[in-house]
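So the sequence lines, in the order shown, correspond to chains Z and B.
Counting from 0, one number per residue, gives the positions in the first sequence under numbering that gives the first Met the number 0.
Counting from 0, one number per residue, gives the positions in the second sequence under numbering that gives the first Met the number 0.
Idealized CB from N, CA, C, for every residue including glycine.
Remarks on the structure that follows.
Number of protein chains: 2
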Amino acid sequence: MSSNVAPGLTWALIQEARARILGKVHRTPVMTSETLDSQANAQLHFKCENFQKAGAFKARGATNAVFALSDSEARSGVATHSSGNHAAALARAAGLRGIPAHIVMPNNAPQAKQASVRRYGGRIVFCEPTLQARESTVEQVLAETGATLIHPYNDLRVMAGQGTTAVELLEDLPDLDVILCPVGGGGQLSGIAVAAKTMKPTVRVIGVEPAGADDAARSFTSGQIVPMLNPQTIADGLRSSLGDKSFAEIRRHVDDIVTVSEESIIQAMRLIWEVLKIIVEPSGAVAYAAIVEGTLDVQGKRVGLVLSGGNLDLDSLPWIKAAC
Amino acid sequence: MSSNVAPGLTWALIQEARARILGKVHRTPVMTSETLDSQANAQLHFKCENFQKAGAFKARGATNAVFALSDSEARSGVATHSSGNHAAALARAAGLRGIPAHIVMPNNAPQAKQASVRRYGGRIVFCEPTLQARESTVEQVLAETGATLIHPYNDLRVMAGQGTTAVELLEDLPDLDVILCPVGGGGQLSGIAVAAKTMKPTVRVIGVEPAGADDAARSFTSGQIVPMLNPQTIADGLRSSLGDKSFAEIRRHVDDIVTVSEESIIQAMRLIWEVLKIIVEPSGAVAYAAIVEGTLDVQGKRVGLVLSGGNLDLDSLPWIKAAC
Chain Z
0 MSSNVAPGLT
10 WALIQEARAR
20 ILGKVHRTPV
30 MTSETLDSQA
40 NAQLHFKCEN
50 FQKAGAFKAR
60 GATNAVFALS
70 DSEARSGVAT
80 HSSGNHAAAL
90 ARAAGLRGIP
100 AHIVMPNNAP
110 QAKQASVRRY
120 GGRIVFCEPT
130 LQARESTVEQ
140 VLAETGATLI
150 HPYNDLRVMA
160 GQGTTAVELL
170 EDLPDLDVIL
180 CPVGGGGQLS
190 GIAVAAKTMK
200 PTVRVIGVEP
210 AGADDAARSF
220 TSGQIVPMLN
230 PQTIADGLRS
240 SLGDKSFAEI
250 RRHVDDIVTV
260 SEESIIQAMR
270 LIWEVLKIIV
280 EPSGAVAYAA
290 IVEGTLDVQG
300 KRVGLVLSGG
310 NLDLDSLPWI
320 KAAC
Chain B
0 MSSNVAPGLT
10 WALIQEARAR
20 ILGKVHRTPV
30 MTSETLDSQA
40 NAQLHFKCEN
50 FQKAGAFKAR
60 GATNAVFALS
70 DSEARSGVAT
80 HSSGNHAAAL
90 ARAAGLRGIP
100 AHIVMPNNAP
110 QAKQASVRRY
120 GGRIVFCEPT
130 LQARESTVEQ
140 VLAETGATLI
150 HPYNDLRVMA
160 GQGTTAVELL
170 EDLPDLDVIL
180 CPVGGGGQLS
190 GIAVAAKTMK
200 PTVRVIGVEP
210 AGADDAARSF
220 TSGQIVPMLN
230 PQTIADGLRS
240 SLGDKSFAEI
250 RRHVDDIVTV
260 SEESIIQAMR
270 LIWEVLKIIV
280 EPSGAVAYAA
290 IVEGTLDVQG
300 KRVGLVLSGG
310 NLDLDSLPWI
320 KAAC
């Protein structure tokens, strides 16, 4: 490896992550359905990260990052900017280690998200809902507290933690032909790609993202990061732009990135609720949406699909809002 | 046993049921949650019959009844009256055996319930939505087809099948102090009580029913069956009156029957969705409602709760209807 190339995410980092988070997060189950298999004419294996601690895969990366800190680093706590699943996951991980978590959130963040961070003992620092305010507030928190920033996805410790999902999936199902994974900032997709391609070089790894937040697909095609300026999707966990670290792994290891419509996301989410009898959030249904929409030909294939999370506001469901 | 007492449900029948349905229905998982445990100050073990084949525990009893028939009986098929989970479960079981299922349903039964029966290959016979029309239509179907009637709950084969839920639960968790089970017609509660008290005589078995359909509680107290004339509850699976066979076992083996409010049922259902991330129908949330409402003191206890099913119309959720 030449000296001007960053080392990036390695299999060793993922193995360390796995050992580090063992017992602190769930080994999640894989669900199947004869009904959904016969509709897809494929063998579908749903990796249930909606059952993960704090309700999403984010617990893996956050826990790895927090427990990877040295004692002296850890003493000053951790900080991040997020109004989503990473915020709750980081608060929980910090609580497990007994250190502070400072979470910068826009002052219009939903009450449920705030409550979730507080339940895990996190300290919320509000800012105006602009990118500039968020960045300056994070800088201020870091300066005041000496906390370590744990980025939601553009961080090798986080990416390594997310990769453990694929380790479990391929241990349970070594015969998989393809793995479908949602992509937002790319933390999960990059971790899964590195893990999966190491364990089974022939497995295909495909990212799926909403057409209304298709920066990853465009970045993948053009070979350079295309930022997402005005994402329009119900999948609130997938509105972020790729980071340089996550993009580097995605370019190297991911086979393709495809997009799906909002209608397919909602239909996929509803089918998962109705048939599998489990709650996934819109972002968590995006991988299956690629099958519902017919974007991907998976006929006769053994497919792993990551149901990435299950946190959403039950007062506002997409198929009911339309009816009211 | 004196000659004028019907033999009733025995442990041998439940063991036979278990062997008979093995591989034809799921051994369902048990879920737990630190959050719900700490709220209840107890160890709660949720037996997930919402993940059962056809979405409810009814698959157990229906499958046992269908496969208990002799070949000559089976040839003429089975019949029942039900617009709920038993209908779909019986259609599915009959399909597995390759025999006809005639399902008598009121002509105002929801489309989703009709579709479910048809998907499993059942034949629907419509009748007017009155008790009289239902009974006469069933008689007619039986006369025309020679089918065997499989009652939704007042049938030892059905009760024995439902009892297998408790067998699995106590095999997985031999330390349980108490088992909470919804009660409608009493098929599940009677089967569970016989199985549980045989396997572990010290375990308490408690039935839970909606206050708006409290015939089982009143029957239990008075010592004779009090029919439910005008049930008022969202828990549509629990509106039936007890049968003589189910009531006989409930009197002998159940420790208590308690009631819960509609508000508690809805709150319990929502908590299960939010925290466990799984779909249960209102009837399936009733056992947990007794804990949410504080009806039962389970402090420090190891509690098994039967989540009996997960079939409902996702277009109409109780907490959203109110807001519209």
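{"Item": "Beta carbon proximity, Asn84/B to chain Z, threshold 8 angstroms", "Value": "no"}
{"Item": "Limits of the unbroken beta strand (DSSP E) element including Leu306/B", "Value": "301-306"}
{"Item": "Beta-carbon proximity list for Ala67/Z, same chain, < 6 angstroms, skipping 5 on both sides", "Value": "Arg156"}
{"Item": "Separation of Leu175/B from Met30/B, as counted between CA atoms", "Value": "14 angstroms"}
{"Item": "Test: Glu15/Z CB closer than 8 angstroms to a CB of chain B", "Value": "no"}
{"Item": "Secondary structure of Thr147/B, DSSP reduced to three states", "Value": "strand"}
{"Item": "Proximity test, Cβ basis, 8 angstroms: Leu43/B and chain Z", "Value": "no"}
{"Item": "Three-state secondary structure (DSSP) of Phe45/Z", "Value": "strand"}
{"Item": "Neighbour list for Gly54/B in chain Z, Cβ cutoff strictly below 7 angstroms", "Value": "Lys276"}
{"Item": "Interface partners of Arg269/B on chain Z, CB under 8 angstroms", "Value": "Leu313"}
{"Item": "Boundaries (first-last residue) of the alpha helix (DSSP H) holding His252/B", "Value": "243-252"}
{"Item": "Candidates Pro317/B, Ile319/B, Asn310/B, of which the one nearest Gln110/B by Cα", "Value": "Asn310/B"}
{"Item": "Three-way DSSP call (helix, strand, coil) for Ile233/Z in this model", "Value": "coil"}
{"Item": "contact_flag[the region 164-174 of chain Z, the region 123-132 of chain Z] where n(CB pairs < 8 angstroms) is 3 or more", "Value": "no"}
{"Item": "Three CB pairs or more closer than 8 angstroms across the region 277-291 of chain Z and the region 255-267 of chain Z", "Value": "yes"}
{"Item": "CA-to-CA distance, Gly236/B to Gly183/B, given in whole angstroms", "Value": "7 angstroms"}
{"Item": "Start-end ranges of the beta strand (DSSP E) lying completely within the region 140-202 of chain Z, minimum 3 residues", "Value": "177-181"}
{"Item": "Coil, strand or helix - Gly97/B by DSSP", "Value": "coil"}
{"Item": "Within the region 47-111 of chain Z, ranges of the beta strand (DSSP E) (whole runs, at least 3 residues)", "Value": "77-80, 100-105"}
{"Item": "Proximal residues of chain Z, C-beta to C-beta of Phe219/B below 9 angstroms", "Value": "Going along chain Z, no residue has its Cβ under 9 angstroms from Phe219/B, so there is no contact; the nearest lies around 31 angstroms."}
{"Item": "Range of the contiguous beta strand (DSSP E) that encloses Asp255/B", "Value": "255-259"}
{"Item": "Alpha-carbon spacing of Val116/Z relative to Ser81/Z, whole angstroms", "Value": "10 angstroms"}
{"Item": "Distance between beta carbons of Gln187/Z and Ser69/Z, contact taken as under 8 angstroms", "Value": "With a Cβ gap of about 26 angstroms, Ser69/Z and Gln187/Z do not count as contacting."}
{"Item": "First through last residue of the beta strand (DSSP E) which encompasses Val124/B", "Value": "122-126"}
{"Item": "For Phe56/Z and Arg118/Z, the rounded distance between their alpha carbons", "Value": "18 angstroms"}
{"Item": "Residue burial classification, Pro99/B (beta-carbon count within 10 angstroms, cutoff 16)", "Value": "buried"}
{"Item": "Whether Glu248/B touches Gly97/B by CB criterion (8 angstroms)", "Value": "no"}
{"Item": "Chain B contacts made by the region 126-140 of chain Z, where a contact means CB separation under 8 angstroms", "Value": "none"}
{"Item": "Start-to-end residues for the alpha helix (DSSP H) that takes in Ser239/Z", "Value": "No alpha helix (DSSP H) holds Ser239/Z; DSSP gives it neither H nor E."}
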